[in-house]
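Structure first, commentary second.
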Amino acid sequence: CAQPGDWVLVHGGSGGVGVAAVQVARARGMRTVATAGTPEGLALLHEIGADAAIGHADVEQALAATGGRGFDIVLEMAAHLGLSQALGLLAPGGRVALIGSRGPTQVNPRDLMSREASVQGILLFLATEEDLRRIHEEIGAGLRDGTLRPVARRIFALSLAPDAHRAVLAPGALGKITLEIP
Numbered sequence: 001c002a003q004p005g006d007w008v009l010v011h012g013g014s015g016g017v018g019v020a021a022v023q024v025a026r027a028r029g030m031r032t033v034a035t036a037g038t039p040e041g042l043a044l045l046h047e048i049g050a051d052a053a054i055g056h057a058d059v060e061q062a063l064a065a066t067g068g069r070g071f072d073i074v075l076e077m078a079a080h081l082g083l084s085q086a087l088g089l090l091a092p093g094g095r096v097a098l099i100g101s102r103g104p105t106q107v108n109p110r111d112l113m114s115r116e117a118s119v120q121g122i123l124l125f126l127a128t129e130e131d132l133r134r135i136h137e138e139i140g141a142g143l144r145d146g147t148l149r150p151v152a153r154r155i156f157a158l159s160l161a162p163d164a165h166r167a168v169l170a171p172g173a174l175g176k177i178t179l180e181i182p
């Protein structure tokens with residue numbers, strides 16, 4: 001289980017899920033490093049309180065942020081692109097949570113073995129009623145106390161739902177993409 005003081009890497013931190021992940025980790029006392037692919041994304045990460053914001057490809061900089069020890073937790077939003085890289089950034093006993101993937105990937109099992117690390121897939125659709133209740137309570141508390149602040153930089157009219165869907169799939173989205181329902 002995640003603990004205060006843990007080092008967390010949010011790979012893809014400037015999207016909707018990533019923004020929430022950074023905020024939740026910070027609220028729980030974890031040290032956060034988050035990645036983005038654009039200068040605007042990096043600015044957003046600083047704005048929401050990430051301890052460090054780096055480009056997706058700057059893995060050496062990410063590792064340096066931990067003093068070279070590695071990350072206790074890596075949240076991977078695009079496993080098809082970043083899983084293999086994430087394994088090399090783990091501290092001993094570290095774990096990777098796979099939140100998103102758009103295709104297959106290859107990994108070297110020795111990267112897991114040498115760190116006694118683990119990888120777990122996360123799929124909200126499989127959450128139990130108890131899990132969902134706890135998640136909703138935590139989100140509500142975070143919204144009330146201000147530790148969770150949703151970021152919606154693009155708002156589309158409902159009639160532009162296809163454009164909104166394309167925006168979700170395109171790289172470089174900042175925060176949530178929202179549909180306005182009249």
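Per UniProt numbering, the very first residue in the sequence shown carries number 1; after that it's consecutive.
Even for Gly, the Cβ is constructed at its ideal location relative to N, Cα and C.
Treat the numbers as computed from the prediction; the structure is a model and nothing was measured.
1) When you compare only the Cα positions, how much space is there between His46 and Gly121?
2) Please classify Arg31 as buried or exposed, where buried requires at least 16 neighbouring CB atoms within 10 angstroms.
3) In terms of DSSP beta bridges, what is Ser14 paired with?
4) Any idea which residues DSSP pairs Gly175 with across the strands?
5) Put Ile54 into one of helix, strand or coil per three-state DSSP.
6) Rounded to whole angstroms, how far is the Cβ of Pro92 from the Cβ of Arg110, which I believe are closer than 8 angstroms?
7) Is the separation between the beta-carbon of Val151 and that of Val24 shorter than 7 angstroms?
8) Quick one: give me the first and last residue of the beta strand (DSSP E) that Ser114 is part of.
9) Going by the beta-carbon positions, is the gap between Ala141 and Thr105 smaller than 7 angstroms?
10) Would you mind listing the alpha helix (DSSP H) stretches within the stretch 33-96 that are 4+ residues and don't spill past its ends, in chain order?
11) Look at the Cβ atom of Ala21, then the Cβ atom of Leu63, and state whether they are nearer than 7 angstroms.
12) Does chain D have any CB closer than 7 angstroms to the CB of Lys176?
13) Within the continuous alpha helix (DSSP H) that includes Gly140, where are the two ends?
14) For Ala157, does the three-state DSSP call read helix, strand or coil?
For this structure:
1) 28 angstroms
2) buried
3) Bridge partners of Ser14: none, in fact.
4) Gly15 and Ala152
5) strand
6) Incorrect: roughly 14 angstroms between the Cβ atoms, too far for contact.
7) no
8) Neither: Ser114 is in no beta strand (DSSP E) and is coded neither H nor E.
9) no
10) 39-47, 59-65 and 79-87
11) no
12) No chain D is present in this structure, which holds just one protein chain.
13) Glu129 to Asp145
14) strand
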